[in-house]
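J.:
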Amino acid sequence: MSVHHRKDIQSAISTVLPEIVAIRHHLHRNPEISDHEEKTSAYVAEMLRSFGMEDIQTNVGGYGIIANLHGTAPKQQGRTIAIRADMDALPIQEESDLPYRSTVPGVMHACGHDGHTSTLLGTVAVLSKLREQISGTVRFVFQPAEETVGGAARMVDAGALEGVESIIALHGWPGLKPGQIGVRSGAMMASSDTFDIVIKGKGVHAAMPQGGVDPVFVGAHLVLALQSLSSREIAPTDPVVVTISQIHTGTAYNVIPEIATLKGTVRCLSRKVREEMPEKMERIIRGICDAFRAEYSFRYRHGVGVTVNDGTVTEMITNIGNRLLGSENVVELEVPSMGAEDFSVYLEHIPGMMFRLGVGANKPNLHNPSYDFGDEAIPVGIEMFAESVLEFFGR
Ligand SMILES: [Zn+2]
Ligand SMILES: [Zn+2]
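When we follow the working numbering, the leftmost residue of the sequence shown carries the number 4, and every step to the right adds one.
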């Protein structure tokens, strides 16, 4: 990467920045929840055209958009790198007094996807001025329905990754300052699955338990026994969370009920451990239910997978961060988050990386009614993305 590129990128950023900030404010004012991003998507398409993009597909996997920027530099034609942003907001009433606060009651950009979308549009605006330095294709992926988990899989099914070698993304991160990024190779965020266990006993008078099968008693054993997976069966170096978050049963003081329902979530940081969880859980459920003469049904639903950052792509992003921001502002994340992110779906198909983009050390947390991505981090995100693209093709 030459200094020449960096100056070109920076001057292009300062030219487009006021417009990109206005775009973010527009998006923040007009949030739409998952799978209802109709106006957002139309607006993004309009902006893409205004930046000179022609190869645009709309309504991909819902309200998703794929836009391809074809570089005109001669060498290494045929390679493609993708950058992804998510566009959906959350069903939360905004409690900020920002001048551009949400105008939609009960809906707000509390996860900062307005920032992700505008940063990616800014990257489009910048790179479209540098076509002659790009020796390949940049695919911009604007994804719907991240919060409800499903948008990414539909985008992939619709061909978003066809011909793509690598994919990158960012998530705005309170806790890091603007001008800082957080990086981690390997598992970055957890998988998130849910399960339902129905224990079928035999209802009877509470004073005569010998005549029935008590699903409350069986359920209590199950709550404890399922914890043995993380403590006794899976290596402590492979973090896994099994949380029973709901127990529903019973209607009276003097009745042993017929049925108890247990629901919960499983979080893993290893794809292998996650794969084995349904079978391991069912073995315990079957064993406990057999032992106490109960029947059961068990449903395990796969939500979103482990977000696993590729080592090579992470190294590239880390090096770019060191160069642009200084190594003191590239924070190596010691531990992954047990939260989940559907960017993992792309990473199950091709190597890639999501980094955290600092938006402010003292901001409210993600999904908080006062959260705001802010404007300060936008140029940092654009520069990271633009440099990554040029670096990728220069390799
Ligand atoms: Zn979120
Ligand atoms: Zn998010």
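Where is the CB? At the ideal position from N, CA and C, for every residue including glycine.
#1: As a quick check of your reading: which residues have a C-beta less than 6 Å from at least one non-hydrogen atom of ligand 3, in chain order?
#2: Which two residues bound the contiguous beta strand (DSSP E) that contains residue 353?
#3: Taking residue 393 as part of the beta strand (DSSP E), name the residues at either end of that continuous run.
#4: State the Cα-Cα distance for the pair residue 389 and residue 130, rounded to the nearest angstrom.
#5: Would you please verify whether the beta carbon of residue 298 is less than 8 Å from any beta carbon of chain B?
#6: Nearest CA to the CA of residue 3: which residue from 246, 159, 174, 185?
#7: Starting from residue 173, follow its DSSP beta bridges and name the residues at the other end.
#8: Within the continuous beta strand (DSSP E) that includes residue 303, where are the two ends?
#9: Going by Cα to Cα distance, which pick from 177, 140, 153 is closest to residue 169?
#10: Kindly indicate which residue of 283, 257, 47 has the alpha-carbon position closest to the one of residue 210.
#11: In the segment 186-268, which residue ranges form an unbroken alpha helix (DSSP H) of at least 4 residues, counting only runs that do not cross its ends?
#12: What does the Cβ neighbour count give for residue 411, buried or exposed, with the cut at 16 atoms within 10 Å?
#13: Confirm, please, whether the CB-CB distance from residue 112 to residue 30 is below 8 Å.
#14: Using a Cβ distance threshold of 8 Å, determine whether the segment 270-282 contacts the segment 213-228, with at least three qualifying pairs required.
#15: Could you round the C-beta distance between residue 393 and residue 73 to whole angstroms and report it? I think they count as a contact, below 8 Å.
#16: On a Cα-Cα basis, can you pick out the residue from 159, 312, 226 that is closest to residue 63?
#17: For my contact list, residue 24 and residue 381 are in at a C-beta cut-off of 8 Å; report their separation, rounded to the angstrom.
#18: Using a threshold of 7 Å, is the CB atom of residue 116 nearer than that to any non-hydrogen atom of ligand 2?
#19: For residue 145, list the residues DSSP reports as bridge partners.
#20: Taking all protein chains shown into account, decide if residue 10 is buried (16 or more other Cβ within 10 angstroms of its Cβ) or exposed.
#21: Based on Cα-Cα distance, which residue from 395, 391, 397, 378 lies nearest to residue 181?
#22: Find out if the Cβ-Cβ distance for the pair residue 262, residue 252 is shorter than 8 Å.
#23: Report the three-state DSSP secondary structure of residue 4 (helix, strand or coil).
#24: Given this structure, state the Cα-to-Cα distance separating residue 105 from residue 50, to the nearest angstrom.
#25: Measure the alpha-carbon distance for residue 99 versus residue 88 and round it to whole angstroms.
#26: May I ask you to report which of helix, strand or coil DSSP gives residue 98?
T.: Result, derived from the coordinates:
#1: This structure lacks ligand 3; its bound ligands are ligand 1 and ligand 2.
#2: Premise fails: residue 353 is in no beta strand (DSSP E) and is neither H nor E.
#3: No beta strand (DSSP E) holds residue 393; the alpha helix (DSSP H) holding it covers 381-397.
#4: Residue 389 and residue 130 have their C-alpha atoms roughly 7 Å apart.
#5: The structure shown contains no chain B; it holds only a single protein chain.
#6: Residue 3 cannot be examined here, being either before or after the span of the chain that is shown, 4 to 398.
#7: 358
#8: 298-307
#9: Just measuring C-alpha positions, the residue of 177, 140, 153 sitting nearest residue 169 is 140.
#10: 257
#11: 218-229
#12: Lying outside 4 to 398, the shown extent of the chain, residue 411 is not represented and no answer is given.
#13: Yes; because the gap between Cβ atoms is below 8 Å, this pair is in contact.
#14: no
#15: With 8 Å as the limit, residue 393 and residue 73 do not qualify as a contact, their Cβ atoms being about 15 Å apart.
#16: 159
#17: 7 Å
#18: yes
#19: 68, 88
#20: exposed
#21: 378
#22: A contact, by the Cβ cut-off of 8 Å.
#23: Caution applies to residue 4, whose pLDDT of 46 falls short of 50 and renders its modelled position unreliable; the model cannot decide the point.
#24: 20 Å
#25: For residue 99 and residue 88, the distance between alpha carbons rounds to 24 Å.
#26: coil
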